[in-house]
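In my numbering, the protein residues as written are -19 to 636. We put the CB at the ideal spot given by N, CA and C, even for glycine.
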């Protein structure tokens, strides 16, 4: 892309003169990327994650009524979408309507998230609807993401040539944000707009950069600090340069975009953001865990993006060694506005993140979705890496490094695209290794450890959670909950430490970590056999029963998880009576259920709905394991788990 003589001398326009034409081979590569992305998105199932229902609903409101709020007509359209079952994980209109009762004005309703993102999707879908090719909300958001993807690559190429182009590819395809490409969630949109803002700022096009970030600020008001800073630099730093017509229009648009979110909610509800009104934010509540967004093995960006660590190391290597920059064939020299963008963006994002109440949020493939905001800041690091590779005149090393980088990008994309359901109540591999073999090395934020190692989101009814090493335990303040989660591999059960946990909770006002000594009888009580002819409910904490492969306690049952689950029993000893286990519950859909006792097949039967499984145990005594297998475990519409059988009670008695 070339520039005029006037533009070359104007600090508002800094083009890379060596950049190859974009609409040549680059357009073909971009087209191939988009085709592959759309093909993958079509192949992958359409699944609602996190706040997706809100965005779908607001899309329908804009499409049907040209209004940002929900009306009866909008709710009717949403209910039709729910009943179509084209998007998994949706809730019906009545449930969604009551999610935010404080955000109702008369017969209209709003959500905890702003409508601008959905408006863009509706605008994208409108021309197709006009020519008689209407598309649904899922396709509209997918098309919107494809447009932003292409736009980001175009800006990257115009800014820094092929290095900028491929750096953008690395950041958008070779990072966890690729998971959101086919999701109605703002993360992909946020990363693209902020990345374009950074690249335009690097070209000294400050107003254009401010406009891009203001798009993201409509959904995340904390980012408004960035466009404000850029406009201030343009006004005071380049005050002698007159504003172009384009800049004037862009400044007006930027101001309107920044003001849209707070003005709308101020006029409707008297607050600048519904997060403070309907819940979800508390200024500065997470200062003590700010590091977690970057370093925590479960929710942090770097442990869940190894390629990001490579980029960061390359950036440090390049920018801290002047000799490397001097020897590069095309050095990277950024001005003050570029580095100001990075600093202001970093702290603006961090302030927003330390003000969120729930750091272990959903709608994620594992890491915290808010951690993805920092991906655009890796752009200069990616450029540095490609610049170093370009300057390496040893062809063999250059090819090897390029291939390794390519494999890293493809492996990252494949890893995250293979994750179908959101994951936020199970530990990452790195986290589990640390907490199993070196638990004293790192204590995660309480919410993260509790949710990941109990499998329970919110921890409302939880008293304690034991880590995978069976010694580390998180004890929560008394809140009416008595559930204690102990990993299957531990030598004790929850009932054996219930008294010790209750004593440890006395006077406790905030969560704390402690240690368990399984050999201490004052901490871990000796196990006792179960009683014959007694019904044990699904929520039993009796030390004679251990449930393996079951969900946490729900109001009326526990679900089996996966294709099999087990019940470990400590039977009375000695025993001379043939015993049977009556396992009562209900199936999710038709199932053929098999049961084995200590590895030996005991029974098999078909079941559909409420049923009682009678498993012969013989004259067993002592420790006994009943393993149940299921022919057709399924994923319910509103649940990421694979379930088959709902356990309600267990009874051991003499066989009839």
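* If you draw a straight line from the C-alpha of residue 301 to the C-alpha of residue 144, how long is it? -> 21 Å
* Asked: Per DSSP, residue 610 forms a beta bridge with which residues?
  -> 573
* **Sequence-distant residues of the same chain with beta carbon closer than 6 Å to residue 95, five excluded per side** => 38, 48
* Provide the residue(s) that pair with residue 527 in DSSP beta bridges, ordered along the chain. => 547
* Inter-residue spacing [alpha-carbon to alpha-carbon] between residue 176 and residue 17 -> 20 Å
* To do: Pick helix, strand or coil for residue 121, following the three-state DSSP scheme.
  => helix
* **Length-filtered (3 minimum) beta strand (DSSP E) runs lying within the region 369 to 450** => 442 to 446
* Residue ranges of each alpha helix (DSSP H) within the region 447 to 496, 4 or longer -> 474 to 485
* Asked: Per DSSP, residue 560 forms a beta bridge with which residues?
  -> 596, 633
* Would you check if the region 531 to 543 and the region 622 to 630 touch, i.e. whether three or more CB-CB distances between them fall below 8 Å? => yes
* Asked: Under 8 Å between C-beta atoms, does residue 217 make it to chain D?
  -> In the structure shown, chain D does not exist; there is a single protein chain.
* To do: For residue 621, I'd like the list of residues in its chain whose CB is within less than 8 Å of its CB, leaving aside the five on either flank, ordered along the chain.
  => 531, 539, 541, 615
* Supposed close pair residue 496, residue 632 - CB separation, criterion 8 Å -> Not quite, the Cβ-Cβ distance comes to about 29 Å (not below 8 Å), so this is no contact.
* Is residue 41 closer than 8 Å to residue 54 when the C-beta atoms are compared? -> yes
* **Three-state secondary structure (DSSP) of residue 566** => strand
* To do: Could you pull the start and end residues of the alpha helix (DSSP H) that residue 249 belongs to?
  => 225 to 249
* Between residue 668 and residue 291, is the Cβ-Cβ spacing less than 8 Å? -> The structure shown does not extend to residue 668, since the chain is modelled only from -19 to 636, so the question has no answer here.
* Does the region 83 to 102 come close enough to the region 22 to 36 to have 3 or more Cβ pairs within less than 8 Å? -> yes
* To the nearest angstrom, report how far apart residue 584 and residue 387 are at their CA atoms. => 47 Å
* For the 8 Å Cβ check, are there 3 or more pairs between the region 332 to 349 and the region 119 to 135? -> no
* To do: To the nearest angstrom, report how far apart residue 45 and residue 450 are at their CA atoms.
  => 56 Å
* What is the DSSP secondary structure of residue 333, reduced to helix, strand or coil? -> helix
* residue 591 vs residue 565 beta-carbon contact at 8 Å -> yes
* **Opening and closing residue of the alpha helix (DSSP H) in which residue 585 lies** => Here residue 585 belongs to no alpha helix (DSSP H); instead the beta strand (DSSP E) covers 580 to 587.
* Do residue 397 and residue 249 have their C-beta atoms closer together than 8 Å? -> no
* Just reading off the beta strand (DSSP E) that residue 515 is part of, what are its end residues? -> 515 to 517
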